[in-house]
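Peer 1:
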Amino acid sequence: LLLSPVEIFGERGLVSSVRLERNALSGKAEARRASGTGSFEDIPCSILLRSVGYQSKAIPGLPFDDARHTVPHSAGSVLKTPDGERETGLYVSGWLKRGPSGIIGSNIACGQITAMSLLDDWGAGRLGEGK
Numbered sequence: 226l227l228l229s230p231v232e233i234f235g236e237r238g239l240v241s242s243v244r245l246e247r248n249a250l251s252g253k254a255e256a257r258r259a260s261g262t263g264s265f266e267d268i269p270c271s272i273l274l275r276s277v278g279y280q281s282k283a284i285p286g287l288p289f290d291d292a293r294h295t296v297p298h299s300a301g302s303v304l305k306t307p308d309g310e311r312e313t314g315l316y317v318s319g320w321l322k323r324g325p326s327g328i329i330g331s332n333i334a335c336g337q338i339t340a341m342s343l344l345d346d347w348g349a350g351r352l353g354e355g356k
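My numbering numbers the first residue of the sequence shown as 226 and each following residue consecutively.
1) Give the DSSP-derived three-state secondary structure of residue 295 in the structure shown.
2) What number of angstroms, rounded off, separates the C-alpha of residue 302 from the C-alpha of residue 287?
3) According to the neighbour-count rule (16 or more other Cβ atoms, all chains shown, within 10 Å of its Cβ), is residue 313 buried or exposed?
4) Considering only C-alpha positions, which residue in the set 245, 321, 257 and 260 is nearest to residue 284?
5) Is it buried or exposed, residue 335, if we count other Cβ atoms within 10 angstroms and call 16 or more buried?
6) Compare the Cα-Cα distances from residue 347 to each of 323, 315 and 324 and report the closest residue.
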């Protein structure tokens, strides 16, 4: 069951309930997104904790998209220039690759795509000796 908080209710600074919207997953396994369905549920509560907000940080020496908080890539192969020149032997996966999205299955599919890029490079002899 996928739910997202959309509204908090209370009086005099005290929370009394939270409204949640049911979500449905859509998209390919490696790029699934949760979208609201328009169906809501109110749950009584007296405390509410915020525990979301992941944001990747730049890694020194690695290209980084400050707007998306991801590493620019093509199928997991890191791009060193905006025109698509690849950084040989450098790969990225997970949220650093695509941003904080998806479910466990999304991470598996994401990693498989990156692994295929690495294997393609190795099979084509692009990785060289000792890389």
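Don't be surprised by glycine CBs; every beta carbon is placed ideally from N, CA and C.
Here the structure is a predicted model, which means the values were calculated and not measured.
Peer 2: Inspection of the coordinates gives the following:
1) On the sequence shown, residue 295 is found 70 positions in, with the first residue counted as 1. Looking at residue 295 - three-state DSSP - the assignment turns out to be strand.
2) Locating residue 302 in the sequence shown gives position 77, where the first residue counts as 1. Locating residue 287 in the sequence shown gives position 62, where the first residue counts as 1. For residue 302 and residue 287, the distance between alpha carbons rounds to 12 Å.
3) Indexing the sequence shown from 1 puts residue 313 at position 88. Looking at its Cβ environment, which holds fewer than 16 other Cβ atoms inside 10 Å, residue 313 is exposed.
4) Position 59 of the sequence shown, counting from 1, holds the residue named residue 284. If we check each option's Cα against that of residue 284, 321 comes out closest.
5) Against the sequence shown, residue 335 aligns to sequence position 110. Buried, by the Cβ-count rule.
6) The residue labelled residue 347 in the question sits at position 122 within the sequence shown. Of the listed residues, the one whose Cα sits closest to residue 347 is 315.
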